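Notes follow once the structure below has been shown.
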Amino acid sequence: MKLPSSGASSGPSSGPSADGTGSPRPAAGFAKRPRLAPATFRLAATVALAVTFLSLIGMGLQYKLVEARLMQAQTSLLAADLDGFAALYDQRRIIALRQAIEYRAAATTTTNGAATSAGEMLLLQDRNGVILAGTRPDWPQGLPLLGDGFSTEAAQIFSDSGERWLGVGRTLPGGFPLMVARSLAPVDATLAALRQAIWLLTLGMLAAGAAVGWVAARSVMGRITRINALADKVAAGALDARLPGPRAEDEFGLLETHVHAMLDRIEGLNRATHRLSDSIAHELRTPLNRMTQKLGQLRGQDALIDDLRAEMRSAIRVFDALLDISRAEADQGSGGGLVAVDISALSLELLDLYTALAEDKGLSVSFDVPAGQHVLGDRTLIGQMLANLLDNSIKYCAPGDSLHLSLTEAVDHISLTVRDTGPGLPPEIRGEAFERFVRAERDRCLPGHGLGLALVRAIAARHGAKLLLPEGEKGFVLHVHWPKLAV
Amino acid sequence: MTDKAQILIVEDDPQTAEAVAEIVRELGCTPEIRITLEEGVTEAATGRYDVIVFDRMLPGGDGVEAIARIRAGGSTALVLVLSALGRAANRVEGLEKGADDYLAKPFEPEELRARLRALLRRATMQVLDNDLLAFGDLEIRLKARTVHVGRRHVAVSPREFELITFFARNAGQVVTRMQLLENVWNLHFDPGTNVVDVHVGRLRRKLEEEAGRPVIQTARGEGYVFAPLPNAGGIEARA
Chain S
2 MKLPSSGASS
12 GPSSGPSADG
22 TGSPRPAAGF
32 AKRPRLAPAT
42 FRLAATVALA
52 VTFLSLIGMG
62 LQYKLVEARL
72 MQAQTSLLAA
82 DLDGFAALYD
92 QRRIIALRQA
102 IEYRAAATTT
112 TNGAATSAGE
122 MLLLQDRNGV
132 ILAGTRPDWP
142 QGLPLLGDGF
152 STEAAQIFSD
162 SGERWLGVGR
172 TLPGGFPLMV
182 ARSLAPVDAT
192 LAALRQAIWL
202 LTLGMLAAGA
212 AVGWVAARSV
222 MGRITRINAL
232 ADKVAAGALD
242 ARLPGPRAED
252 EFGLLETHVH
262 AMLDRIEGLN
272 RATHRLSDSI
282 AHELRTPLNR
292 MTQKLGQLRG
302 QDALIDDLRA
312 EMRSAIRVFD
322 ALLDISRAEA
332 DQGSGGGLVA
342 VDISALSLEL
352 LDLYTALAED
362 KGLSVSFDVP
372 AGQHVLGDRT
382 LIGQMLANLL
392 DNSIKYCAPG
402 DSLHLSLTEA
412 VDHISLTVRD
422 TGPGLPPEIR
432 GEAFERFVRA
442 ERDRCLPGHG
452 LGLALVRAIA
462 ARHGAKLLLP
472 EGEKGFVLHV
482 HWPKLAV
Chain Z
863 MTDKAQILIV
873 EDDPQTAEAV
883 AEIVRELGCT
893 PEIRITLEEG
903 VTEAATGRYD
913 VIVFDRMLPG
923 GDGVEAIARI
933 RAGGSTALVL
943 VLSALGRAAN
953 RVEGLEKGAD
963 DYLAKPFEPE
973 ELRARLRALL
983 RRATMQVLDN
993 DLLAFGDLEI
1003 RLKARTVHVG
1013 RRHVAVSPRE
1023 FELITFFARN
1033 AGQVVTRMQL
1043 LENVWNLHFD
1053 PGTNVVDVHV
1063 GRLRRKLEEE
1073 AGRPVIQTAR
1083 GEGYVFAPLP
1093 NAGGIEARA
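So the protein sequences, as listed, match chains S and Z. As numbered in this note's numbering, the first sequence has no gaps in its residue numbers, which increase by one up to the final residue, 488. As numbered in this note's numbering, the second sequence has no gaps in its residue numbers, which increase by one up to the final residue, 1101.
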């Protein structure tokens, strides 16, 4: 036996994955569940945004209503002013108008000190633009002279000294420009206050909505999490896991009931599978046993008796392999019954057992097995797998061929590789070499039933290990990727 | 030494029970047959037995589950489980639950005989703690892990030493391939090839070259007999 030979540590090459399961399920354990928070957060955010959006629409409508009402009020005030001036004009024309405006201007000036902040703006000029009376010395920009009556028709909104005003500019008969305007500052102040309130309310709604949404989402997610945790436990092999405690009378309770019913059924079927294989074993082996005992009573035909015994042993082996395969498949993915196995030591033991056989056949055997690698497994099953692989290599190789067994540790798995320089798998059965009873035409003359690799696959699946059959290699090369033992 | 040994057979198939009883009688022991689990456990509690042969799928339950009860009842009998549940996993389960040996049905008479002999030997033998196992000029030193024929050292691999030690402890008796796989390699499945034969063959050649006489003989069909003394001849001679 020689130590590490060249080509010992060939990594896993690409190739068809003869994954034990035949379906793309995660090989090692179970893929990490997406975190819970995103779903909870999304739900909470949706609730908060929806609530806020709806109330924002409500408040927006209210705002428009208030704005319209306030403008209406200002327009009425303006109309009242104009009505008053119209009455005076009717009596004594410009003179009355001038007196009234002067009076009003003086009143506002004395009470408020600043003419413009009194909430009204009045101005009467003569035809040359000379001011007759008014609260300000010049005609404001932005207010054109339109029409000649005292109606509020075509009232303009214009800005002056930082405020908005609602007013009319008229040319009274004889060319006297008259301006009457009401400040919109109170309206604007009210609306600004309202807007501020709306923004504050919106923020409040967002916060409250988020809080309510979070609480609601938490309670929903909490119950989903319960069911998810159960599913995880079942996937990890605990078929008898159930949710404790009473079930609520709602959709979640119903979901839990359904999940439980499904699990009961799966568990029942699984138990039936196990019972069936035991029953088959009992019912078939008992008559075979009687036959064996009777064979023992025969005398004188030793060669024939030995033949018959060998045939019966071989039948039992086929039948055991089938039961082993179905049991390993039934237990697939379940971690139950698996313990830490020193795969390094086990590999060397099996290699030691088979090396003598290989050397007798003229094969050279080499290995590269670092000590102390462990996987979660069943020692007997892994032993059977190794025995099948080594036995196959020895069976198909010719004198002069070599057989190499290596164990390498990768980041996320431990790779066990069996490599020989024999004829390899015939291309026509490559795709299905791991199926039951598949044998190549060329091997018909060799003993076997085509169950060895099927058992290898079932055992790999039982351990969540992946089989990789790299393409383009000479001879038979198989990588078995074992999930790493969690530290 | 096994003349008066009593063997309890708990087996619900009458033909199998009778076949086992026949083998027990051939070994010079007294068989006692019980059919159900409860009867078996009750009978075992009398403490009269050296070895109990227990079936698994019995009326009343699984014999393997009863081993703990039998032991709790104070019985020191060695238990051989004889069951149709014969897959490797079943065997390992049985051994883990306290069985001293496990044989699958269908069994061959020679295999059961060999295993019963090994158990009877264990049941009657004093604790063997001497360092030296000597068979004429063939000497095995357990602590030094050496094998000598006369003064000549026989180079054996560690596994071959385990092999010869197991043979020596069962000297003169048939040792089957499955017994070797189970006891020397600690493997509980049938690999289906002559993989053990190659190892025995190598050991045999080494020993015979030094001793100049056959040391390990092939027992037809079933296994091997370690008979290192020239006069020990036949298989039954030392039974």
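A virtual CB, placed ideally from N, CA and C, is assigned to each residue, including glycine. As the structure is a prediction and not an experimental result, all values here were calculated from the model.
A Cβ-Cβ contact shorter than 8 Å links T203 (chain S) with T53 (chain S). Secondary structure of S184 (chain S) (DSSP, three-state): strand. With its beta carbon at least 8 Å from every one in chain S, R1066 (chain Z) lies outside the interface. Distance check between G246 (chain S) and each of S:L240, S:Y104, S:T258 places S:T258 closest, using alpha-carbon atoms only.
The secondary-structure analysis by DSSP pairs G923 (chain Z) across a beta bridge with Z:L920. By the neighbour-count definition (other C-beta atoms within 10 Å, threshold 16), R420 (chain S) is a buried residue. A Cβ-Cβ contact shorter than 8 Å links T293 (chain S) with F969 (chain Z). Looking at the backbone, the Cα of Q1079 (chain Z) and that of F1088 (chain Z) are separated by about 6 Å.
The Cβ neighbour count for R328 (chain S), taken over all protein chains shown within 10 Å, is at least 16; the residue is labelled buried. In this structure, Z:M919 is the residue among Z:R979, Z:M919, Z:R931, Z:V903 with its C-alpha nearest to the C-alpha of I281 (chain S).
Less than 8 Å divides the Cβ of A155 (chain S) from the Cβ of G148 (chain S). At a cut-off of 8 Å between C-beta atoms, Q302 (chain S) does not count as an interface residue with respect to chain Z. Straight-line measurement puts the Cα of L133 (chain S) at about 49 Å from the Cα of G59 (chain S).
The C-beta of D912 (chain Z) comes no closer than 8 Å to any C-beta of chain S.
Linking F438 (chain S) to G453 (chain S) through their CA atoms gives a straight-line distance of about 9 Å. Less than 8 Å divides the Cβ of S345 (chain S) from the Cβ of L408 (chain S). M122 (chain S) is bridged by DSSP to S:A182. The alpha-carbon of L349 (chain S) is positioned some 14 Å away from that of T381 (chain S). For the 8 Å CB-CB criterion, H283 (chain S) and A946 (chain Z) form a contact.
Secondary structure of D962 (chain Z) (DSSP, three-state): coil. At a C-beta separation below 8 Å, A928 (chain Z) has no neighbours in chain S, since its nearest C-beta there lies roughly 17 Å away.
According to the DSSP secondary-structure assignment, P971 (chain Z) is paired through a beta bridge with no residue.
Residue range 164-173 is occupied by the beta strand (DSSP E) that includes E164 (chain S). Under the three-state reduction of DSSP, T892 (chain Z) is assigned to strand. Its Cα nearest to that of F997 (chain Z), the residue Z:A1033 stands out among Z:A1033, Z:Q877, Z:E1070. Interface with chain Z (8 Å Cβ-Cβ cutoff): Y355 (chain S) is included. In the three-state DSSP reduction, F997 (chain Z) falls in the strand class (E or B). With respect to chain S, the C-beta atom of K959 (chain Z) has no partner C-beta closer than 8 Å.
Runs of beta strand (DSSP E) with 3 or more residues, each lying fully within the stretch 285-366 of chain S, are found at 340-343, listed in chain order.
Just so you know, the alpha carbons of V1036 (chain Z) and V1062 (chain Z) end up roughly 13 Å apart. Using a C-beta cut-off of 8 Å, the stretch 83-99 of chain S makes contact with the stretch 169-186 of chain S, since at least three inter-stretch Cβ pairs fall below that distance. At a Cβ-Cβ threshold of 8 Å, Y964 (chain Z) and R975 (chain Z) do not count as neighbours. L1069 (chain Z) and V1018 (chain Z) have their C-alpha atoms spaced approximately 9 Å apart.
Chain S places no beta carbon closer than 8 Å to that of R984 (chain Z), leaving this residue out of the contacts. Counting along the chain, the unbroken beta strand (DSSP E) around E410 (chain S) starts and ends at 403-410. With three or more CB-CB distances shorter than 8 Å, the stretch 307-324 of chain S counts as touching the stretch 445-460 of chain S.
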